[in-house]
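Here our numbering runs 308 ahead of the position in the sequence shown, where the first position is 1. The beta-carbon is built from N, C-alpha and C at its ideal position, and this holds for glycine as well.
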Amino acid sequence: RGTVVHFHGNAGNITGHFEHVAWLPATGWNVLCFDYRGYGRSQGRPTRKGLVLDGHAAIEYVKTRGDVDPARIIVLGQSLGGAVGIVVVAERKDIAGLAVDGAFSHYRRIAAWHIRRNPLLFMLAWWVPALIPPGQDPIDHVARVAPTPLFIMHGRADEVVDPRMAEELYAAAGEPKELWLIDGVGHYTALDELANVAR
């Protein structure tokens, strides 16, 4: 069917995140999982710019393979990977589709959301989001994903990324686009629901 390049989330590395896409080969998809710089065994230190460069490098790699149709490459990003994937696909016109699960819209706002939800943390670190420099926010790039098709999925019970951020990304995106907000589903679980449908 094509090739999925999986942009994983922040916690852990591909050894823990692979399980989210391990079902795809049985449904006819090639899958590439990779670790960003500073994750798993990858050297370096993660930065927003560096993660975007790593996403581009992963796509360029799969395009060199003889068993990959370069016209059928899909980016699938989860959480942080969704945020990075939005920026990467917005900078390219050679991707067949982008799907994001639990992506956030702003780096500062996701930090502030977590701090506000913890009273002790709020008392001690309410000022921390102001230290996060602007740049590479998915909300500033998502409109340029079009005309690449965009599929946004998010659990309404997500306690890691505010589900309203999915609605913000959808509102800012161009067509074609689709949004699934799934009741009773938490972080990273929206893709599991999709896997159950595919099976």
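By the criterion of at least three beta-carbon pairs nearer than 8 Å, the stretch 346 to 361 is not in contact with the stretch 379 to 386. Counting only runs of 3+ residues, the beta strand (DSSP E) found wholly inside the stretch 313 to 351 occupies 337 to 341, in chain order. By the Cβ neighbour-count rule, residue 407 is buried, with 16 or more other Cβ atoms within 10 Å of its own. Judged by DSSP in its simplified three-state form, residue 481 adopts coil rather than helix or strand. Non-local beta-carbon contacts of residue 404 in its own chain, meaning distances under 7 Å to residues more than five positions away in sequence, involve 310, 379, 380, 381 and 382 in chain order. The beta carbons of residue 495 and residue 387 sit about 7 Å from each other, so the pair counts as a contact at 8 Å.
Within the DSSP bridge table, the entry for residue 412 names no partner. DSSP, read as helix, strand or coil, puts residue 456 in coil.
Under the DSSP assignment, residue 385 falls in the beta strand (DSSP E) whose first and last residues are 381 to 386. Taking the Cβ atoms as the reference, residue 460 lies roughly 5 Å from residue 474, within the contact range of under 8 Å. Here residue 449 is not near residue 411, since their CB atoms are 9 Å or more apart. Per DSSP, the continuous alpha helix (DSSP H) segment holding residue 369 begins and ends at 356 to 372.
Residue burial annotation: residue 333 is exposed, with fewer than 16 other C-beta atoms found within 10 angstroms of its C-beta. Under DSSP, the beta-bridge partners assigned to residue 407 are 384 and 459.
Counting only the Cα atoms, residue 462 lies some 19 Å from residue 331. Just so you know, the alpha carbons of residue 344 and residue 376 end up roughly 22 Å apart.
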